[in-house]
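Student: Let me give you the structure first, and then I'll get to my questions.
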Amino acid sequence: MNHNLQKRLSLYWDKFGTLVILILLVCFMAIFGPPQFIAPGNLLQIAIQSSITIIIACGEFFAILIAGIDLSVGSVMGLVGMVTAKLIVLDIMPWYVAVLLGILSGALCGLFNGLLINVTGLHPFVITLGTQSIFRGVTLIISDATSVYGFPQTFKDAMGGWLGGVIPSAVVIALLLAAILWFFSSKTVMGRNIFALGGNKEAAWFSGIHTKLYTLLVHTLCGVCFGLAGIVYTARIGSAEPLAGQGYETFAIASAIIGGTSFFGGRGKIPTVVVGGLIIGTISNGLNMLGVSSYYQQIVTGALIIVAVTVDRLFKGKSAK
Numbered sequence: 506m507n508h509n510l511q512k513r514l515s516l517y518w519d520k521f522g523t524l525v526i527l528i529l530l531v532c533f534m535a536i537f538g539p540p541q542f543i544a545p546g547n548l549l550q551i552a553i554q555s556s557i558t559i560i561i562a563c564g565e566f567f568a569i570l571i572a573g574i575d576l577s578v579g580s581v582m583g584l585v586g587m588v589t590a591k592l593i594v595l596d597i598m599p600w601y602v603a604v605l606l607g608i609l610s611g612a613l614c615g616l617f618n619g620l621l622i623n624v625t626g627l628h629p630f631v632i633t634l635g636t637q638s639i640f641r642g643v644t645l646i647i648s649d650a651t652s653v654y655g656f657p658q659t660f661k662d663a664m665g666g667w668l669g670g671v672i673p674s675a676v677v678i679a680l681l682l683a684a685i686l687w688f689f690s691s692k693t694v695m696g697r698n699i700f701a702l703g704g705n706k707e708a709a710w711f712s713g714i715h716t717k718l719y720t721l722l723v724h725t726l727c728g729v730c731f732g733l734a735g736i737v738y739t740a741r742i743g744s745a746e747p748l749a750g751q752g753y754e755t756f757a758i759a760s761a762i763i764g765g766t767s768f769f770g771g772r773g774k775i776p777t778v779v780v781g782g783l784i785i786g787t788i789s790n791g792l793n794m795l796g797v798s799s800y801y802q803q804i805v806t807g808a809l810i811i812v813a814v815t816v817d818r819l820f821k822g823k824s825a826k
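In the working numbering, the protein residues as written are 506 to 826.
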C-alpha cells in the first residue's frame with residue numbers, strides 16, 4: 506500500500522508538481538501582494554525577467570541530467586558578454602556575426618569543462634568550481650576590469666529589447682531555445698542517450714554509448730546556453746560588466762531542480778524547467794513589490810532548492826539508486 510502510494514505521489518509530482526507550485530505562488534501574491542502584481546504589464550515583466558534564468562536553466566538541465574553540475578554559469582555569462590561587446594565596439598564586423606562568435610566562445614568554454622572532466626576523471630563540481638574562477642579572471646583581464654558599452658540599437662533591440670516595439674526579444678529567444686532543446690532531448694537518439702547516461706553511466710557504457718563524447722556534448726550545450734544568456738543580459742542592460750552573472754549559478758540550479766530535474770540524474774523535462782525559471786522570476790518580482798530585501802530572496806531560493814531535492818529523494822531516491 507505504501508509502495509503504491511509512493512508511486513502515485515511520484516507520478517503526480519512529475520506531471521504537475523512544478524506547475525502547482527507556480528499556480529499557488531501566483532495565487533498567494535495575487536491575494537496578499539499589491540494589486541499591481543496581477544496586472545498584464547507586470548506579468549509580462551516577470552516573463553522578461555525570467556528569460557535569462559530560463560536560458561541558463563536549460564543549459565544546467567543537461568549538466569544535472571547526467572548526474573553532474575556546472576558551476577561556471579555566471580563566469581561564462583560574463584566572459585561571453587564581454588567578448589561579444591568587445592567585438593561589437595571594434596566595429597569590424599556586423600553585430601550578428603559578433604553574437605555568433607560570442608556563442609562560439611561559450612561553446613568553447615563548455616568544451617573546455619568537458620575535456621577537463623574526461624581527462625582528470627574528477628567530479629564536474631570540482632572542475633567547474635575551478636573554471637568558474639578561471640573564466641572570471643580571463644574576463645577581468647580582457648576588460649581591464651572596466652565596462653564596455655556603445656552598442657548599436659539594433660543589437661539591443663534584437664537580443665534584449667523589443668521586436669517591432671511590441672514583442673520582448675529575450676522571451677522569444679528563451680522560448681525558442683527551450684523548444685529546440687525539448688525536441689533534442691525528447692525526440693532524438695542523442696537526447697535519449699543523454700538520459701541513459703544520467704540514469705546509469707556504467708550501463709550506458711556497456712550498451713555502446715560513448716560516455717565521454719556525450720559528456721563533452723552536454724557541457725558544450727551548457728556553454729552555448731550560458732553564453733547566449735550572457736549576450737542577452739549584455740543587450741538588456743546596454744553594457745558588458747566584468748562581474749556580470751555573479752551568483753547566477755544558484756538561479757540556474759534552482760530552476761532546474763525546482764523544475765523537476767532529478768539531482769540523481771536521468772530524469773527531467775525542459776518544459777518544467779521553463780516553469781522552474783518562471784517560479785524564480787515570480788518570487789523575485791513578488792518579493793520586490795512587497796519591499797522584501799534581496800537578502801531574504803536568497804533565503805527563499807536556497808530553501809526551495811533544499812525542499813525540491815528532498816522531495817525528489819523521497820519520491821525517487823530508491824529507484825535512482
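Ideal placement from N, C-alpha and C gives every residue a C-beta, glycine not left out. Since the structure is predicted, the reported quantities are computational estimates derived from the model, not experimental observations.
1. For the candidate residues V780, Y601, G642, G546, whose alpha-carbon lies nearest to that of P747?
2. By the 10 Å Cβ neighbour count, where 16 or more other Cβ atoms means buried, how is G735 classified, buried or exposed?
3. Have a look at the DSSP bridge pairing and note the partners of W667.
4. Could you check whether the Cβ of Y801 sits closer than 9 Å to any Cβ belonging to chain D?
5. Looking at C-alpha atoms only, which residue of F660, A761, L783 is the closest neighbour of I811?
6. By Cβ distance, which residues of its chain are closer than 6 Å to L721, with the 5 residues on each side in sequence left out?
7. What does DSSP give as the partner residues of V653 in its beta bridges?
8. If we ignore side chains and look at the alpha-carbon of each, how far apart do M506 and G522 end up?
9. Answer with buried or exposed for I685, where buried requires no fewer than 16 other C-beta atoms within 10 angstroms of its C-beta.
10. Output yes or no for whether 9 Å exceeds the beta carbon distance between A759 and L718.
11. Helix, strand or coil for K826? Go by DSSP, reduced to three states.
12. Quick one: Cα of I639 to Cα of P540, how far?
13. Closer than 8 Å is the cut-off here; do at least three beta carbon pairs connect the region 556 to 568 with the region 666 to 681?
Tutor: The short version:
1. Out of V780, Y601, G642, G546, G642 has the C-alpha closest to the C-alpha of P747.
2. For G735, the number of other beta carbons within 10 angstroms of its own is at least 16, and it is reported as buried.
3. P673, per the DSSP bridge assignment.
4. No chain D appears in the structure shown, which is made up of a single protein chain.
5. Selected option, being the one with the closest Cα: A761.
6. The residues G619, in chain order, have a CB closer than 6 Å to that of L721 in the same chain once the five nearest residues on each side in sequence are set aside.
7. V653 is bridged to A745.
8. Low confidence applies to M506: its pLDDT is 48, below 50, so where it sits in the model is not reliable, and the reading given next is rough at best. Each residue's alpha carbon lies about 22 Å from the other.
9. Counting Cβ neighbours within 10 Å, I685 comes out exposed, since fewer than 16 surround it.
10. It is not a contact, given that the beta carbons lie outside the stated cut-off.
11. For K826, the predicted model reports a pLDDT of 45, less than 50, meaning its position is unreliable; a value from the coordinates is still stated below. Annotated three-state conformation of K826 is coil, per DSSP.
12. Rounded to the nearest angstrom, the gap between the Cα atoms of I639 and P540 is 45 Å.
13. The region 556 to 568 vs the region 666 to 681: in contact.
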